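Chains as they are written, first to last, in my numbering: chain A, 1200 to 1519; chain B, 494 to 651.
Let me begin by presenting the structure, written as structure tokens, before commenting on it.
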Amino acid sequence: MTIERSSLPRVLFSLVIIGLLVFLAAQFVRPAIGNPPATAELAAPPEVKRVLRNSCYNCHSNETQLAWFDQVAPAYWIAARDVKMARSHLNFSEIAKLPAAQQKGLLWEAVNQAQLGAMPLPSYLALHPHARLSDADLAVLKNYLNPPSPAPAPDDKAKTAADEQYNHWIQASGTKLEVQLSPNGIAYPQDWKNWKAISTTDRFDNHTMRIIFGNDVAVRAIAEHRINPWPDGTIFAKSAWQQQPDADGNTRAGAFLQVEFMIKDSAKYASTRGWGYARWRGMDLKPYGKDAGFTAECVGCHNPVRHNDYVYTFPLEGLQ
Amino acid sequence: MNAPWKKYLPAIACGLLVLAGCNERKPEAAATNHVAALTGQLPYNPLAWKPITTLTNRAAATTSTLYGNDAAVAYARSTAGAAYPAGSVLALVTWAERDDPHWFGAKIPGKPQTVEFVSIGAQPQYAVYRGSPLAQAASDQSGSRIDFILHLRAAVIP
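Structure (structure tokens):
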């Protein structure tokens, strides 16, 4: 007993020394972050850049500046991983390489992630409070993306294409299409057009309009206020059409673009947070995604509303 | 050394906590779109029907969805034209648009403005409901509204 007791400080001392050595050794494991030259930086007004620089650039650009405490492993490893992932998704130093529409889409997504409190990452903000976006900062970004503009004019070419699509569809009505499986194995739910509309959205950011259909399980869940989480068996179909302004000031549902599904099965789709995602595009209903990995996009985009069981839609009441 | 300000410490701490809470940006909680609910006495509940199409009006800042009973939906999705069979009922529900609390760049239904019904019998019958709760109102434009509603073609659903 006495021997053991007297050796305890020595053991502790050794552990501390080993810990220190491991810590020191860890400092030499340094995945490079690096700041390659900004080859195609975002072109935006100075006040917009100021907000982005202050809140986003540290991870989403080639101008990463680590604080001293970020330089120390293991914090450094987290920073290196976050910066790598951030740049791969959105890099303000290279964004101007992309087509204008895609740049704009990324900026809208960024503002939404910020508005929902998903970005900057809360863990990042805890240590870098200066990066927090104020309401005024958000307003700067929103005004930049959505300046007041005149109502869009009718587009004759788009109208002709939509008319043609409609005529084909009406003539072929009732013909069932052979639809391929989504790359993650989900079969096209043929019956969605007979479901009820749980909401509509006017997406002025990308000039589409949507009807979100819900199956019977979804409609019942809404009536019973059991929507967080939604019960297994819930399916949503979100159908999107091009916005088609007419001469009277109305905007109608133009050409059909795509239909997207969320299918709730907590066990089967556990790896995508309980929802199976699938999307079919165009009149030939071509499945979206090169392989099953496409669902990472879906999960990423729905993550900011994870506290709402990953669902963005505010369903209408009184559907029964 | 009992400084009088010390008794306010808990209150100050609570205040700071509240402020810190406000500073957090949190999405609006999962809820139904309560403000868009149709109130009042309507002859049918169009929301229980299937949608035929949707449209918006930017100047009026409204969003509308055209619903139909089964006969109307079957016709609209299979036939071009406005000759709905007898027994068809169409309902055009118009809401004021409101910003989508979950998505900057989207608008969703807000307060209901009107519910217009067109029933097909020997002659198309028109009725409009307005206000909160929705109540039947007179209209001097029933002819043009019937024409407008009957000519809204179905959104393409492959």
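Where a beta carbon is used, it is the ideal one built from N, C-alpha and C, also for glycine.
What you are looking at is a predicted structure, and each value in this text was computed from that prediction instead of being measured.
{"query": "Secondary structure of Thr1471(A), DSSP reduced to three states", "result": "helix"}
{"query": "Simplified DSSP state of Asn1507(A), which is helix, strand or coil", "result": "helix"}
{"query": "Interface flag, Arg1402(A) vs chain B, CB-CB below 9 Å", "result": "yes"}
{"query": "Same chain, Cβ closer than 6 Å to Val528(B), five either side skipped, listed in chain order", "result": "Gly603, Lys604"}
{"query": "Secondary structure of Glu1403(A), DSSP reduced to three states", "result": "Per the sequence presented here, residue 1403(A) reads as Phe, with Glu not at that position. Looking at Phe1403(A) - three-state DSSP - the assignment turns out to be coil, as it is neither helix nor strand."}
{"query": "6 Å CB neighbourhood of Ile1410(A) in its chain, flanking five on each side removed", "result": "Ala1396, Thr1399, Ser1438"}
{"query": "DSSP beta-bridge partners of Val1458(A)", "result": "Ser1438(A), Trp1479(A)"}
{"query": "Unbroken stretches of the alpha helix (DSSP H), 4 residues or longer, contained in the region 1237 to 1308 of chain A", "result": "1245 to 1254, 1256 to 1259, 1274 to 1288"}
{"query": "Where the region 535 to 567 of chain B meets chain A: residues whose CB sits under 7 Å from a CB there", "result": "Asn538, Leu540, Ala541, Lys543, Pro544, Thr546, Thr547, Leu548, Thr549, Asn550, Arg551, Ala552, Thr556, Thr558"}
{"query": "Neighbour flag for Gly533(B) against chain A, beta carbons, 9 Å", "result": "no"}
{"query": "Proximity test, Cβ basis, 9 Å: Ala524(B) and chain A", "result": "yes"}
{"query": "Per DSSP, cross-strand counterpart(s) of Tyr560(B)", "result": "Pro544(B), Ala584(B)"}
{"query": "Run of the alpha helix (DSSP H) containing Pro605(B), from where it starts to where it stops", "result": "It is not in any alpha helix (DSSP H) - Pro605(B) instead sits in the beta strand (DSSP E) that spans 599 to 613."}
{"query": "Ser571(B) beta carbon less than 9 Å from that of Ser1372(A)", "result": "yes"}
{"query": "Top-ranked residue by Cα proximity to Leu1337(A), from Leu1251(A), Ala1386(A), Ala1299(A), Pro1298(A)", "result": "Leu1251(A)"}
{"query": "Beta carbon of Ile642(B) nearer than 9 Å to that of Lys1392(A)", "result": "no"}
{"query": "Cross-chain neighbours of Ile642(B) in chain A, by beta carbon under 7 Å", "result": "What Ile642(B) touches in chain A: nothing, since even the nearest Cβ is about 12 Å away."}
{"query": "C-beta contact flag for Val1282(A) and Asn1257(A) at 9 Å", "result": "yes"}
{"query": "For Val1228(A), the first and last residue of its enclosing alpha helix (DSSP H)", "result": "No alpha helix (DSSP H) holds Val1228(A); DSSP gives it neither H nor E."}
{"query": "Three-state secondary structure (DSSP) of Ala620(B)", "result": "strand"}
{"query": "Inter-stretch contact at 8 Å, needing at least 3 Cβ pairs: the region 1309 to 1319 of chain A / the region 1338 to 1346 of chain A", "result": "yes"}
{"query": "Beta-carbon separation (whole angstroms), Ala647(B) vs Thr546(B), contact threshold 8 Å", "result": "6 Å"}
{"query": "Proximity winner among Ala1279(A), Pro1430(A), Pro1382(A), relative to Asp1508(A) (alpha-carbon distances)", "result": "Pro1430(A)"}
{"query": "Chain B within 9 Å of Gly1373(A), Cβ atoms only", "result": "yes"}
{"query": "From Ile1426(A), Phe1455(A), Pro1503(A), residue whose alpha carbon lies closest to that of Phe1513(A)", "result": "Ile1426(A)"}
{"query": "Contact set for Arg591(B): own chain, Cβ-Cβ below 7 Å, skip 5 residues either direction", "result": "Lys600, Ile601, Gly603"}
{"query": "Rounded Cβ spacing between Ser581(B) and Ile613(B) (contact assumed at less than 8 Å)", "result": "4 Å"}
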